[in-house]
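Chemist:
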Amino acid sequence: MTKLVILEYPDPRLRKKATAVTVFDDALRHFANNMLETMYAAKGVGLAATQIDVHKRLIVLDISERRDQPLILINPELLKLEGSGPGEEGCLSLPGIYDKLSRATHIRVRALDCKGESFELDAEGLLAVCIQHEMDHLEGKLFVDYLSELKRQLIRRRLEKERKQRSTGSELRVLPLGAAAPGAPMRRSSTPAL
Ligand SMILES: [Zn+2]
Numbered sequence: 351m352t353k354l355v356i357l358e359y360p361d362p363r364l365r366k367k368a369t370a371v372t373v374f375d376d377a378l379r380h381f382a383n384n385m386l387e388t389m390y391a392a393k394g395v396g397l398a399a400t401q402i403d404v405h406k407r408l409i410v411l412d413i414s415e416r417r418d419q420p421l422i423l424i425n426p427e428l429l430k431l432e433g434s435g436p437g438e439e440g441c442l443s444l445p446g447i448y449d450k451l452s453r454a455t456h457i458r459v460r461a462l463d464c465k466g467e468s469f470e471l472d473a474e475g476l477l478a479v480c481i482q483h484e485m486d487h488l489e490g491k492l493f494v495d496y497l498s499e500l501k502r503q504l505i506r507r508r509l510e511k512e513r514k515q516r517s518t519g520s521e522l523r524v525l526p527l528g529a530a531a532p533g534a535p536m537r538r539s540s541t542p543a544l
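Residue numbers (the working numbering): 351 to 544.
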């Protein structure tokens, strides 16, 4: 299997809208497995094809602690959205950035599997959040779009600085919680990245 490169915010390719998957062949199954491999390697709980610059409607997820319950949703559609609650989200395309936003707490989704067969799934809690987050990626939308412009600016600046440090090989300094400027996004390593 191959580990794929995950695009990072604010890469404009993350803004492309994905199109439906129409061919269900070995290449698709191989691709879905590579996406899972990439997600596990990055310690994420979800990944959308958009994040690896493939603009097809395919997402992979695994919220299990043992990382042994992979889910592949192709051409997913939300049939029901109920309730609303705040939760903290991160994203593999925004490494180290976490913030709170509100999502539906109970959803029903219809999708196709790798053979092109339709199934429905009821989800709540983290899985419901994760599916909504990944489906946003297919529309070119990121969780920071729900935050204020000021917060997005802070996030862009922080990511840019960290990328520069990574490219010059200097060590990343992780601020302790509470040391960030007021209004700045906080890091919480316990929140899974999606
Ligand atoms: Zn994401």
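Just so it is clear, CB atoms sit at the ideal spot from N, CA and C, and this is done for glycine as well.
1. What residue does the beta strand (DSSP E) around Ser517 start on, and which one ends it?
2. Does ligand 1 have a heavy atom nearer than 6 Å to the CB of Leu544?
3. Tell me whether Cys441 sits in a helix, a strand or coil according to DSSP, three-state version.
4. Taking 6 Å as the line, does the beta carbon of Cys441 fall inside it for any heavy atom of ligand 1?
5. Looking at C-beta atoms only, is the number of pairs between the segment 445-457 and the segment 393-406 that lie closer than 8 Å three or more?
6. Does the distance from the CB of Asn425 to the CB of Ala370 come in under 7 Å?
7. First and last residue of the alpha helix (DSSP H) that includes Glu387?
8. What does the alpha-carbon distance come out to for the pair Leu378 and Cys464?
9. Going by the beta-carbon positions, is the gap between Gly446 and Leu544 smaller than 7 Å?
10. Helix, strand or coil: how does DSSP classify Leu423 here?
11. Assign Leu429 to one of two classes, buried (16 or more other C-beta atoms within 10 Å of its C-beta) or exposed (fewer than that).
12. Rounding to the nearest angstrom, what Cα-Cα distance links Glu358 and Glu512 in this structure?
13. For Arg502 and Phe493, what's the separation of their Cα atoms in angstroms?
14. I need the DSSP call for Val410, collapsed to helix, strand or coil.
15. Skipping 5 residues on each side, what residues in its chain have a beta carbon closer than 7 Å to that of Ile328?
Modeler: According to the data block:
1. Within the sequence shown, the letter at position 167 stands for residue 517. From DSSP, Ser517 is part of no beta strand (DSSP E) but of the alpha helix (DSSP H) over Glu499 to Thr518.
2. Here the question's residue 544 lines up with position 194 in the sequence shown. Yes - ligand 1 has a heavy atom lying nearer than 6 Å to the Cβ of Leu544.
3. Numbered from 1 along the sequence shown, position 91 holds the residue referred to as residue 441. In the three-state DSSP reduction, Cys441 falls in the strand class (E or B).
4. Working through the sequence shown from its first residue, we reach residue 441 at position 91. It does: the Cβ of Cys441 is within 6 Å (strictly closer) of some heavy atom of ligand 1.
5. The count of Cβ pairs closer than 8 Å, one atom from the segment 445-457 and one from the segment 393-406, stays below three, leaving the stretches out of contact.
6. Start at 1 with the first residue of the sequence shown, and residue 425 comes out as number 75. Start at 1 with the first residue of the sequence shown, and residue 370 comes out as number 20. Contact check for Asn425 against Ala370 passes: the beta carbons are separated by less than 7 Å.
7. Looking up residue 387 in the sequence shown gives position 37. Glu387 -> alpha helix (DSSP H) spans Asp376 to Ala391.
8. Taking the sequence shown and counting its residues from 1, one reaches residue 378 at position 28. Taking the sequence shown and counting its residues from 1, one reaches residue 464 at position 114. When only Cα atoms are considered, Leu378 and Cys464 end up about 7 Å apart.
9. The residue labelled residue 446 in the question sits at position 96 within the sequence shown. The residue labelled residue 544 in the question sits at position 194 within the sequence shown. In this structure, Leu544 does not lie closer than 7 Å to Gly446 by Cβ.
10. Locating residue 423 in the sequence shown gives position 73, counting from the first residue. The three-state reading of DSSP puts Leu423 in strand, counting E and B together.
11. Position 79 of the sequence shown holds residue 429. Exposure of Leu429 is indicated by the presence of fewer than 16 other C-beta atoms within 10 angstroms of its C-beta.
12. As a first step, residue 358 is located in the sequence shown; it is residue number 8 there, counting from the start. As a first step, residue 512 is located in the sequence shown; it is residue number 162 there, counting from the start. Spanning the two alpha carbons is a distance of roughly 12 Å.
13. On the sequence shown, residue 502 is found 152 positions in, with the first residue counted as 1. On the sequence shown, residue 493 is found 143 positions in, with the first residue counted as 1. Cα to Cα, the separation comes out at about 10 Å.
14. Reading the sequence shown from its first residue, position 60 is the one you call residue 410. Strand, per DSSP.
15. Because the chain is modelled from 351 through 544, residue 328 falls outside the range shown and cannot be assessed.
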